[in-house]
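Keeping their order, the protein sequence lines are chains X and H. Take the first sequence: its position 50, counting from 1, is numbered 1505 in the working numbering, and each next residue is one higher. Take the second sequence: its position 235, counting from 1, is numbered 1690 in the working numbering, and each next residue is one higher. Here's the structure we're looking at; comments come further down.
2 protein chains.
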Amino acid sequence: MLAYSRVAIIGMGLIGSSLARAIRARLPTVRLTVSDASPEVRARVAALDLADDVADGAGAAVIDAELVILAVPVGAMAAVARDIAADLAPGAVVSDVGSVKARVLADLTDALPGVIVIPAHPVAGTEKSGPDAGFASLFADRWCILTPPPQVDAWQVTRLGDFWTAVGARVEVMDAHHHDRVLAVTSHLPHLIAYSIVGTASDLEAVTQSEVIKYSAGGFRDFTRIAASDPVMWRDVFLANREAVLELLGRFTEDLVALQRAIRWSDGETLEALFTRTRAIRRSIIDQGQDTEEPDFGRKH
Amino acid sequence: MLAYSRVAIIGMGLIGSSLARAIRARLPTVRLTVSDASPEVRARVAALDLADDVADGAGAAVIDAELVILAVPVGAMAAVARDIAADLAPGAVVSDVGSVKARVLADLTDALPGVIVIPAHPVAGTEKSGPDAGFASLFADRWCILTPPPQVDAWQVTRLGDFWTAVGARVEVMDAHHHDRVLAVTSHLPHLIAYSIVGTASDLEAVTQSEVIKYSAGGFRDFTRIAASDPVMWRDVFLANREAVLELLGRFTEDLVALQRAIRWSDGETLEALFTRTRAIRRSIIDQGQDTEEPDFGRKH
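So, in structure tokens, the structure goes:
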């Protein structure tokens, strides 16, 4: 019997509560125990009936779980792992959902000697936070990347992959460091840029903040969605994936300076060539089912 | 009788064709004549029945129009204006829909001496182009900014404002140079950054383009929508609003470097403070009806 019958989730924010809902919807025989550091969140999760049990502490939640998933900010992983270490059942698999994998793998391995650790990252989310923001279909057709260390048995990786497939995701296996370089491009840099441009726009002298808000439909409003993402989660991502983010930021800045020079020199050809190339990337993303074809993301007009 | 009874639109892309549809839907008594430089577009507009007449040339389209709206890329305004100059009816108002206003005001004034010129900018759009991409409700609850020169009679400004109100927009009047600084923030810089980051991401060594596409749901895909906007239109915007864009780009780069340093020094407090502040801006944009409250822009999951 490969499938997990007892699962624990620690942390019931957007991702943890979405996973709980997906388990309820698609794996109804799984016995699900959850916990969260916040008493308010625990009470809300109980009221929403998202799990079979809502434990007061992380340790109590994991006691007989075959799979434990840590859905807390990346910077909190080590502490939570230490907190549950003594309560884990023999043979339990510990995984997570964090956006950075090399650091999490190191932190969990250090805190949980002898435990099977398989980090995971479902590449999915919205700008909302908390247990009310979750929904069961969040992972449908999104990729979940597993980054097992070499010593983990292949069947354990397959087993965890099957679990994510069962809740709707597509599964890929990757080296943790490569994951961190890929996600620096497809997620971390976009968030950093969005936070930065929204910060810049709200702090100018010549243009007031109320003008920025009023005329945001010109493109700016798109950036504010990403820049409304959870502040603590994202603080931890940048601190934990520092090297890859800084390296990529250097590359981005180079490219931006080249574009700046094209504008200064009125080099329309360079601009048009880039703007034509980028259009094709959008097409590929839509063709591969990673975004909607509807204009303006299907926003209502 | 203040309202225009005969309107001409030159250029039937996303904006021109949306305006034609909005006029048809909301101002059915207006006699609408349109044209476009492309024979294919003219044929498509005729097949879609978007206007009373589809003229072969811009001059023929404007002959008896009381209001002429140029919906062409900003860099093409001067040539189109020269093209229609001899055919304009006495008292005709010439306006436009371009994203840059000081340059357009200067170009139209130079090309059309003695003509009433009132530049306008409906702050609305999608990433799609062409006559099939337009829709009648594009301007609903979006702002349309008029930038009349001081010598234009106030009643003419009101008359044009009433026209835009009738097709669903909210109207604001502003100095052309101030418009260009405001839109540099809310539209031009966001587009430039989006084009730049998509260009960077598609041209790396450590991460393949197929990985970028596959894992784009981490945030990157949002930028690809804006970076799929019309290449010629946007080339012209950056060339025509060079000073304001370069000044703002300098400011953005400063802020980004500060953020880069915060990451390098593991200064989590600075990161979290910014990420918390930007979340509030999103809230204001939603409260003012300039974006949807639905998570992830209401994308289907």
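Where is the CB? At the ideal position from N, CA and C, for every residue including glycine. As the structure is a prediction and not an experimental result, all values here were calculated from the model.
Among 1518/X, 1480/X, 1493/X and 1513/X, the one whose alpha carbon lies nearest that of residue 1504/X:
Within the first sequence, residue 1504/X is the residue found at index 49, counting from 1. If we check each option's Cα against that of residue 1504/X, 1480/X comes out closest.
Are residue 1575/H and residue 1600/H close, meaning C-beta to C-beta below 8 Å?
The count along the second sequence starts at 1 and reaches residue 1575/H at position 120. The count along the second sequence starts at 1 and reaches residue 1600/H at position 145. Yes, they are a contact pair.
Measuring only between beta-carbons, confirm whether residue 1472/X sits less than 8 Å from chain H.
For the purposes of this step, residue 1472/X is identified with residue 17 of the first sequence, where counting begins at 1. Not one chain H Cβ lies under 8 Å of residue 1472/X.
Since residue 1744/H contacts residue 1596/H with CB under 8 Å, what's their CB separation in whole angstroms?
As a working note, residue 1744/H is residue 289 in the second sequence. As a working note, residue 1596/H is residue 141 in the second sequence. Yes, they are in contact, since the Cβ atoms of residue 1744/H and residue 1596/H sit about 6 Å apart, within 8 Å.
Tell me which residues share the same chain as residue 1634/X and place their Cβ nearer than 7 Å to its Cβ, disregarding the 5 neighbours each side in the sequence.
What you label residue 1634/X is simply residue 179 of the first sequence in a count that begins at 1. Excluding positions up to five away in sequence, the list reads 1556, 1576, 1600 and 1602.
In chain order, what residues of the segment 1719-1736 of chain X put their CB closer than 8 Å to some CB of chain H?
1719, 1721, 1723, 1726, 1727, 1729, 1730, 1731, 1732, 1733, 1734 and 1736
Beta-carbon separation of residue 1465/H and residue 1526/H under 8 Å?
Residue mapping note: residue 1465/H aligns to position 10 of the second sequence, counting from 1. Residue mapping note: residue 1526/H aligns to position 71 of the second sequence, counting from 1. Yes.
Run through chain H and tell me which residues come within less than 8 Å of residue 1646/X, C-beta to C-beta.
Within the first sequence, numbered from 1, the residue matching residue 1646/X stands at position 191. Chain H residues near residue 1646/X: 1674.
For residue 1638/H, decide whether its Cβ has a neighbour in chain C, counting only Cβ atoms nearer than 8 Å.
This model lacks chain C altogether, as its protein chains are X and H.
Determine, for residue 1690/H, whether the minimum Cβ-Cβ distance to residues of chain X falls below 8 Å.
For the purposes of this step, residue 1690/H is identified with residue 235 of the second sequence, where counting begins at 1. Yes, residue 1690/H counts as interfacial toward chain X.
Are the Cβ atoms of residue 1693/X and residue 1718/H separated by less than 8 Å?
Counted from its first residue, the first sequence places residue 1693/X at position 238. Counted from its first residue, the second sequence places residue 1718/H at position 263. Closer than 8 Å, so yes.
Looking at the unbroken beta strand (DSSP E) that takes in residue 1550/X, where does it start and where does it end?
By one-based count along the first sequence, residue 1550/X stands at place 95. Here the beta strand (DSSP E) through residue 1550/X covers 1548-1551.
Can you find the residues in the same chain that come closer than 7 Å, C-beta to C-beta, to residue 1656/X, ignoring five residues on each side of it along the sequence?
Along the first sequence, one-based indexing puts residue 1656/X at 201. For residue 1656/X, where only same-chain residues beyond five positions count, the Cβ hits under 7 Å are 1667 and 1675.
Contact check, residue 1547/X vs residue 1582/X, beta carbons under 8 Å:
As a working mapping, residue 1547/X is identified with position 92 in the first sequence. As a working mapping, residue 1582/X is identified with position 127 in the first sequence. No. Outside cutoff.
Could you give the DSSP three-state label for residue 1681/H: helix, strand or coil?
The residue given as residue 1681/H occupies position 226 in the second sequence. Three-state result, residue 1681/H: helix.
Neighbour flag for residue 1615/H against chain X, beta carbons, 8 Å:
The residue you call residue 1615/H lines up with position 160 of the second sequence. Not an interface residue.
Who are the Cβ neighbours of residue 1622/X in its own chain at under 6 Å, not counting the five residues just before and after it?
Reading the first sequence from its first residue, position 167 is the one you call residue 1622/X. Around residue 1622/X: 1477, 1481 and 1594.
Meets three-Cβ-pair contact criterion under 8 Å: the segment 1733-1742 of chain X and the segment 1677-1690 of chain H:
yes
Is the shortest distance between the beta-carbon of residue 1562/X and the beta-carbons of chain H less than 8 Å?
Within the first sequence, numbered from 1, the residue matching residue 1562/X stands at position 107. No, residue 1562/X does not count as interfacial toward chain H.
Start and end of the alpha helix (DSSP H) containing residue 1666/X?
Within the first sequence, numbered from 1, the residue matching residue 1666/X stands at position 211. That run of the alpha helix (DSSP H) goes 1664-1669.
Those residues which DSSP pairs with residue 1625/H across a bridge
On the second sequence, residue 1625/H is found 170 positions in, with the first residue counted as 1. In DSSP, residue 1625/H forms a bridge with 1598/H.
Helix, strand or coil at residue 1605/X [DSSP, three-state]:
Position 150 of the first sequence, counting from 1, holds the residue named residue 1605/X. Coil, per DSSP.
How would you write the range of the beta strand (DSSP E) that residue 1461/H sits in, first residue to last?
In the second sequence, residue 1461/H corresponds to position 6, counting from 1. It spans 1461-1465 - the beta strand (DSSP E) in which residue 1461/H sits, taken as one unbroken run.
Can you tell which of 1740/X, 1625/X and 1467/X has its C-alpha closest to the C-alpha of residue 1802/X?
A query on residue 1802/X cannot be resolved here, the shown segment of chain X reaching from 1456 to 1756 and no further.
Rounded distance between the beta-carbons of residue 1501/H and residue 1519/H, thought under 8 Å
Within the second sequence, residue 1519/H is the residue found at index 64, counting from 1. Within the second sequence, residue 1501/H is the residue found at index 46, counting from 1. The Cβ separation is near 20 Å, so there is no contact.
Give the straight-line distance between the Cα atoms of residue 1647/H and residue 1538/X, rounded to the nearest whole angstrom.
As a working mapping, residue 1647/H is identified with position 192 in the second sequence. As a working mapping, residue 1538/X is identified with position 83 in the first sequence. When rounded, the distance between both Cα atoms is 46 Å.
Residue 1495/H versus chain X: which residues are under 7 Å apart at the beta carbon?
Here residue 1495/H refers to the residue found at position 40 of the second sequence. In chain order: nothing, as chain X lies at least about 19 Å away.
Find the nearest neighbour of residue 1729/X within the set 1613/X, 1742/X, 1720/X and 1713/X, judged by alpha-carbon distance.
In the first sequence, residue 1729/X corresponds to position 274, counting from 1. That would be 1713/X, whose Cα lies nearest to the Cα of residue 1729/X.
How would you label residue 1541/H, buried or exposed, when you count the other beta carbons within 10 angstroms and need 16 or more for buried?
By 1-based counting over the second sequence, the position of residue 1541/H is 86. Looking at its Cβ environment, which holds fewer than 16 other Cβ atoms inside 10 Å, residue 1541/H is exposed.
Alpha helix (DSSP H) containing residue 1634/X: first to last residue?
The residue labelled residue 1634/X in the question sits at position 179 within the first sequence. Run containing residue 1634/X: 1631-1638, per the alpha helix (DSSP H) assignment.
Show which residues of chain H have a CB atom less than 8 Å away from the CB atom of residue 1681/X.
Position 226 of the first sequence, counting from 1, holds the residue named residue 1681/X. Neighbours of residue 1681/X on chain H, chain order: 1674 and 1677.
Chain H contact for residue 1462/X (CB, 8 Å cutoff):
Against the first sequence, residue 1462/X aligns to sequence position 7. Chain H, which has no Cβ nearer than 8 Å to the Cβ of residue 1462/X, makes this no.
Integer-rounded CB distance, given that residue 1578/X should sit under 8 Å from residue 1598/X:
In the first sequence, the residue the question calls residue 1598/X occupies position 143. In the first sequence, the residue the question calls residue 1578/X occupies position 123. Right, their Cβ atoms sit about 5 Å apart.
What does residue 1514/X reach in chain H if we use C-beta pairs closer than 8 Å?
For this step, residue 1514/X is matched to residue 59 along the first sequence. The contacting residues do not exist; residue 1514/X stays about 27 Å from chain H at best.
Since residue 1746/X meets chain H, which of its residues come closer than 9 Å, beta carbon to beta carbon?
Along the first sequence, read from residue 1 onward, the residue named residue 1746/X stands at position 291. Here the neighbours are 1671, 1672, 1676, 1677, 1679, 1680 and 1754.
Beta-carbon proximity list for residue 1580/X, same chain, < 7 Å, skipping 5 on both sides:
For the purposes of this step, residue 1580/X is identified with residue 125 of the first sequence, where counting begins at 1. Within the same chain, residue 1580/X has close Cβ partners 1469 and 1470.
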